[in-house]
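Notes for the one structure printed next.
Chains as they are written, first to last, in the numbering used here: chain F, 110 to 1020; chain L, 870 to 991.
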C-alpha cells in the first residue's frame, strides 16, 4: 500500500470520526439520541485505557515476558469488579462538585487549595507527556512499518516528521471537539462518541488479527496452545512479586490516569452506568487481550529474526500478504493512539488551563488592576493553547527519547507517575482527617522520587541524568543511586521506584495529615466528600419512611410540648381520615412535622432528630453544619443567660449583704434595748430600794433620811438625763432635729463651754491651754448644738483624764471653708482597740457612776456634728485623748433638715 | 456571830441599800465593786452567802459564779444573782452555772431579805 494511500486512509478515517463526533454533539445539543449517552457508550469510552501500547505493545510485551502483560488488564478488572464502590463514590463526588479533573478534585477536597491543583497538574503533565510520546511513536512506527514493505516514499523515512504531523493533526482534532464550548460540567459528547467508535474499531481489528492467526495461520486453539508451549521462554515464568506490583500499579492507574479520570468521572452522566461498566469493561479488556499471546507466539515463529515484536499486530498480516487485514490493524492501532492522545491532551489541557494558566493570568491582571475581560474566550483560548502545549511536550519527549523502543516501558513509567496521586485521592474519599498539608507533602515527595528514581533515568544514561550519577548515585552516595535508593537493590527499577515513591508518599501524607490541623473549609469539604452518599437530596424530602408514629410522637411531645404535640398528630391523623393520634407516616406528614419542630428547635436539629427516629438517613453534613450554627446561637443565648445569672448572683450578693446588715442592725437593736433596760433599771433600783427603806423604817436618823432622799433625788436626775439623751439621739439620728442656725463667734462658744463643764468634778484643777486669736472666727452654725459637743468633750476630759496635772490644749485651725478644733488632754488616752468603739452608743469605757452619763455622749456628739455638716473624730498619737471637731465655717443649710421636729432638749450631755 | 454576806456590786447606791437592809436583819455585810478582787476574797475568806451583780466592770458575774462552783471550798455557797438586764437568756445561763436564786432589778427589799433568809436556812 502506498504511503499516500495510507495517509489518505488516515485522513478519511479522521474525517469519519469528525462526522461521528459532530453528529453526536449536535444530537446531544438537541437533546436527542439518548443512546449516545448509554452505559454502552460509557463503557466503550473507558477503553481509552487501551492505547497503542495495549494494541501493539501488549503483543511485544507478551513476546518478551509471556503472560505478564495480563497484569495491565488484571488491575483495572479488579478495580471495576471488586472495587467499584470506590469508583461510584468518585463519580458521585465528581458530578456533584462539578469536578473537571483529578487535580480539580484533589484541590477541591483539600480546602480548594490551588497549590495542590498545581502539583497534581504538573505531576500529570510530567507523567502524561511520555505517554503521549508513546502514542506518537507507535503511530510513526506503524506508518514506517506499513510503508517500508511497499517501496520508499520521501516522508516515510522520517518518523519524526510523521510524528510531528500526527501531533499537529491530533491537536487540531482535539481543539475542534474538546474546546467547542465551555460546558459547566466539562462534558464532551462528540469526543466521547468518537472514542467509543474507535474503541469498537480497535477491538474489531485486534480480534480480526487474532482470528486470522488462530484459525487461518494456525489450525485452531489447540494448535495455538501447543505452539505457546513450544515457544515458552525462560523469561515467561511468572514472577509473583512482579505480578503483584504490576497489578497494583495498573489498578492504581485506572483510577488516577488523567484520561481515565476524564472518561470515568468527568464525562459520566449517571453513576448507574458504572454498574454496567463494572462487568462490561472487564469483558472488553478480556476480549482485547484474548489474542495477544497467540499473535505473539505466531509472530515469533513466522517473523524474521530481529523483527520488532511490538509491531507484530501490523507486520504479521503484512508478512502474510493480508493487506486488508493489515490496514484494519493499522486503523485499530491508529484509533487506540489517537483516542488516548485526544482524551489525555484534553484532560491535561483542562488541568493546565484551570490550575496554572488561568490563576496566573487572573493574578497578573489583578496585579495590574485590569478588567478580567471576557473570561469565556480567555479560558477557551488558554485551553486550546494548553492542548497544543501538551502535544508539543509529547512530541518533544518523543524526539528526545527516540532511542527507547520498548513501548510498554514508557507506559509503565507514566503509571508510576500518576500513581502518586493515589494517597491524596483515597484520602479525599475516605479519610476526613486527611489534610491539605499532608496531601501536598505526600504528593511532593512521591513526585520527586518518581522523577528521580524512574522518570529521569528512563531516558537512559547521559540524556537527562549523567551516567556517572546513575552509576554511583547523587554526590557519589551509593544509597542515592536512582535505581537502588537506600540500598534497595533487589527490585527492578520500575517496582523499586513504585515501592519507594508510593510508600514514602503515603507515609508523608498520613503523617502530614495527622500533624496538621485542617482549615474549616477543608473539614467541610472533607465531610462532604467522605459522606457523599449520606447526604439526602437537596430537597431534603422524606422518601422511605420506616418509623412508626409511636416513635415520633414522644419526640414531638418533647419538642412541642405534650398537648401541642398530640394536637398536631391528631390533626394530621384526621387530615388522613384516621381517628386517634397516630397518622400514617407519609413523606408529607414527616415534612410537616419537621417544619413544625423547626419552629422550636431550628430546621437542622429538627431534620436531624427526625432522621434519627425515622432511621432512613444518617445525619448529613449539611445538617450537622446547620446544627452547629444553631448550637452557636444557643451558646450565644446561654452566654446571655450566664450574664443574667451573673447579674442575679450579684443581686443575690447584694441581698445577702443587706440581710447581713439587717441582722447586724437587729442585733445592735437588741443590744441597745438590753443596754437601755440596764441603764434605766439601775437608777430605778436605787430609787425603789431607798424609798422602801424610808417607807417602812421608823428608826432612821434625820441624817440618814436626808442622805437617802438625796440618793433618790440624784438617781431620778440620772434617769431623766438618760431619757433626754435617748430622745435627743433619736431625733438627731432621724434627722428630725431643727437647727437654730445663727452667726456666732467661736471663741465665745468655747468660753461658754469651758464655764459650763467646770461643774464636772469641780474640785479638780483642770488647766485649759488656748490660743485665743485663732479662736476669733465668725461662724454660722447652731451655736447651742456646737456648745453641747464642746461641753461633752470637756466634761469627758475632766472625768477621765488620768494625769496628775490634768490639762487640755484647744487648737483651732481653719482649712478653706472648714474649721478644725482639736481638744487634746495629757492623759493616757483611749486604748487603740477601743478607739473605734467610743462613738457607739453605750460605749462607756469604764464603769464608774461618778463619771455619770450612760455612754451616749459621744454618739450624740457625732450625730450633732453630722447634722452641722461636719464630724468628730478621735485622733490617735497626740500624747493624750485627742478629739478633732470639724465643721464648715458657714453652714448653709443642714444636709438633712427635717420639716417637723420635736423640740431639742437643751444642752444635755455631761454637765 | 452574825452570818456574813458578800455583795459584789458596782453601783454604790445599790450596794448601800442592800447593806442597810441586810444589816438591819442581822447580817454582817461586806461590799465590793471589784469583781476580780472579789474572786480572791471569796476563796480566802468565804462568806455564808453571796449577792452577785451580773454586769461588773472587767469581769462578769457569770465568770465569778463559774469560778465559785469550780472550787470545792465554795461549791455549795448560796448565790443570789441580781441583774438589771433581766433577759431570759441570762437567767437560763445563770441557772446552768448553778446559781441559787436569780432576781431582776429593781427588786422589792422584802424579796431580797426573804430570799437571803431562805438560802441561808437551807
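We put the beta carbon where it would ideally sit given N, CA and C, even for glycine.
Could you tell me which residues DSSP puts in a beta bridge with residue 930(F)?
Position 821 of the first chain, counting from 1, holds the residue named residue 930(F). Paired residues: 921(F), 994(F).
Does the CB of residue 931(L) have a neighbour CB from chain F at under 8 Å?
Within the second chain, residue 931(L) is the residue found at index 62, counting from 1. Not an interface residue.
Figure out for me which residue from 227(F), 150(F), 278(F), 767(F) has the closest Cα to the Cα of residue 303(F).
Translated into positions along the first chain, residue 303(F) becomes position 194. Out of 227(F), 150(F), 278(F), 767(F), 150(F) has the C-alpha closest to the C-alpha of residue 303(F).
How long is the line joining the alpha carbons of residue 374(F) and residue 535(F), rounded to whole angstroms?
Against the first chain, residue 374(F) aligns to sequence position 265. Against the first chain, residue 535(F) aligns to sequence position 426. Rounded to the nearest angstrom, the two C-alpha atoms are 15 Å apart.
Starting from residue 854(F), trace the beta strand (DSSP E) in both directions and tell me its first and last residue.
Counted from its first residue, the first chain places residue 854(F) at position 745. Unbroken beta strand (DSSP E) run through residue 854(F): 851 to 854.
Could you tell me which residues DSSP pairs with residue 298(F) in its beta bridges?
The residue you call residue 298(F) lines up with position 189 of the first chain. None, per the DSSP bridge assignment.
Among 160(F), 562(F), 439(F), 639(F), which one has its Cα closest to the Cα of residue 198(F)?
To locate residue 198(F), count along the first chain from 1; it is residue 89. When only C-alpha atoms are compared, the closest one is 639(F).
Anticipated Cβ contact below 8 Å, residue 404(F) with residue 322(F), distance rounded:
Residue mapping note: residue 404(F) aligns to position 295 of the first chain, counting from 1. Residue mapping note: residue 322(F) aligns to position 213 of the first chain, counting from 1. Contact holds; Cβ gap of about 5 Å.
At the 8 Å Cβ level, is residue 798(F) part of the contact set with chain L, yes or no?
In the first chain, counting from the first residue as 1, residue 798(F) sits at position 689. Taking Cβ atoms only, chain L reaches closer than 8 Å to residue 798(F), which makes this a yes.
In angstroms, rounded to a whole number, what distance separates the CA positions of residue 88(F) and residue 371(F)?
Missing from the structure shown is residue 88(F); chain F here goes from 110 to 1020 and no further.
Going by the DSSP bridge assignment, what does residue 982(F) pair with across the sheet?
Indexing the first chain from 1 puts residue 982(F) at position 873. Answer is 993(F), bridged to residue 982(F).
Evaluate residue 521(F) with the Cβ neighbour count: other Cβ atoms within 10 Å of its Cβ, from every protein chain shown; 16 or more gives buried, anything less gives exposed.
Stepping through the first chain from its first residue, residue 521(F) is reached at position 412. Residue 521(F) comes out buried.
How would you call residue 759(F), buried or exposed, if buried means at least 16 neighbouring beta carbons within 10 angstroms?
For the purposes of this step, residue 759(F) is taken as residue 650 along the first chain, with counting starting at 1. The residue in question, residue 759(F), is exposed, as its Cβ has fewer than 16 Cβ neighbours within 10 Å.
Residue 819(F) classed as buried or exposed, judged by whether at least 16 other C-beta atoms fall within 10 angstroms:
Taking the first chain and counting its residues from 1, one reaches residue 819(F) at position 710. So residue 819(F) ends up on the exposed side.
Buried or exposed by the 16-neighbour rule on C-beta atoms within 10 Å, applied to residue 814(F)
Against the first chain, residue 814(F) aligns to sequence position 705. So residue 814(F) ends up on the exposed side.
Do you know whose CA, among 235(F), 683(F), 906(F), 379(F), lies nearest residue 504(F)'s CA?
By 1-based counting over the first chain, the position of residue 504(F) is 395. For residue 504(F), the nearest C-alpha among the options comes from 235(F).
Output the boundary residues of the alpha helix (DSSP H) element that contains residue 964(L).
Here residue 964(L) corresponds to residue number 95 of the second chain, with the count starting at 1. Taken as a continuous stretch (DSSP letters only), the alpha helix (DSSP H) holding residue 964(L) covers 957 to 965.
Among 327(F), 636(F), 679(F), 560(F), the one whose alpha carbon lies nearest that of residue 602(F)
Here residue 602(F) is taken as the residue at index 493 of the first chain, counted from 1. Ranking 327(F), 636(F), 679(F), 560(F) by Cα distance to residue 602(F) puts 560(F) first.
Contact set between residue 978(L) and chain F, taken where Cβ atoms lie within less than 7 Å:
As a first step, residue 978(L) must be located in the second chain, where it is residue number 109. Within 7 Å Cβ-Cβ: 798, 801, 802.
So, for residue 925(L): in the same chain, excluding its five sequence neighbours on each side, which residues have a beta-carbon less than 6 Å away from its beta-carbon?
Position 56 of the second chain, counted from the start, is the residue given in the question as residue 925(L). So the qualifying residues of the chain are 879, 904.
Can you tell me which of 754(F), 976(F), 765(F), 903(F) puts its alpha carbon nearest to the alpha carbon of residue 840(F)?
Numbered from its first residue, the first chain carries residue 840(F) at position 731. Taking only the C-alpha atoms, the option nearest residue 840(F) is 976(F).
Residue 887(F) - containing beta strand (DSSP E), residue span
What you label residue 887(F) is simply residue 778 of the first chain in a count that begins at 1. That run of the beta strand (DSSP E) goes 887 to 890.
Short CB-CB distance (under 8 Å) between residue 971(L) and chain F
Locating residue 971(L) in the second chain gives position 102, where the first residue counts as 1. Judged by the 8 Å Cβ criterion, residue 971(L) is not in contact with chain F.
List the residues of chain F that residue 950(L) touches, going by C-beta distances under 9 Å, in chain order.
Working through the second chain from its first residue, we reach residue 950(L) at position 81. In chain order: nothing, as chain F lies at least about 14 Å away.
Going by alpha carbons, who is nearest to residue 361(F) out of 320(F), 136(F), 196(F), 387(F)?
Sequence index remark: in the first chain, residue 361(F) carries index 252 (1-based). The residue with the shortest Cα to Cα distance from residue 361(F) is 196(F).
Interface flag, residue 935(L) vs chain F, CB-CB below 8 Å:
Translated into the one-based positions of the second chain, residue 935(L) becomes position 66. Closer than 8 Å: no.
Taking the C-alpha atoms as reference points, what is the distance between residue 889(L) and residue 859(F)?
One-based indexing of the second chain puts residue 889(L) at position 20. One-based indexing of the first chain puts residue 859(F) at position 750. Rounded to the nearest angstrom, the two C-alpha atoms are 45 Å apart.
Contact list for the region 764 to 794 of chain F against chain L, Cβ threshold 7 Å
783, 786, 787, 790, 791, 793, 794
For residue 351(F), the first and last residue of its enclosing alpha helix (DSSP H):
The residue labelled residue 351(F) in the question sits at position 242 within the first chain. Start and end: 349 to 365.
Integer Cβ distance of residue 239(F) from residue 519(F), believed to fall under 8 Å
Translated into positions along the first chain, residue 239(F) becomes position 130. Translated into positions along the first chain, residue 519(F) becomes position 410. With a Cβ gap of about 5 Å, residue 239(F) and residue 519(F) count as contacting.
Please report how far the alpha carbon of residue 891(L) lies from the alpha carbon of residue 971(L), in whole angstroms.
The count along the second chain starts at 1 and reaches residue 891(L) at position 22. The count along the second chain starts at 1 and reaches residue 971(L) at position 102. The alpha-carbon atoms of residue 891(L) and residue 971(L) are separated by roughly 17 Å.
Check whether chain F comes within 8 Å of residue 882(L), counting only Cβ atoms and requiring the distance to be less than that.
By 1-based counting over the second chain, the position of residue 882(L) is 13. True, the Cβ-Cβ gap to chain F drops below 8 Å.
Please tell me whether residue 824(F) has its Cβ less than 8 Å away from any Cβ of chain L.
For the purposes of this step, residue 824(F) is taken as residue 715 along the first chain, with counting starting at 1. Closer than 8 Å to some Cβ of chain L, the Cβ of residue 824(F) qualifies, so yes.
Cβ distance (whole Å) where residue 920(F) is taken to contact residue 880(F) below 8 Å:
Residue numbering aside, residue 920(F) sits at position 811 when the first chain is read from its first letter. Residue numbering aside, residue 880(F) sits at position 771 when the first chain is read from its first letter. About 7 Å; that satisfies the 8 Å criterion.
Cβ neighbours of residue 885(F) in the same chain (closer than 8 Å, five flanking residues each side left out)
Reading the first chain from its first residue, position 776 is the one you call residue 885(F). Around residue 885(F): 854, 855, 856.
Tell me which residues of the region 887 to 902 of chain L have at least one Cβ-Cβ distance to chain F shorter than 8 Å, keeping chain order.
887, 889, 890, 893
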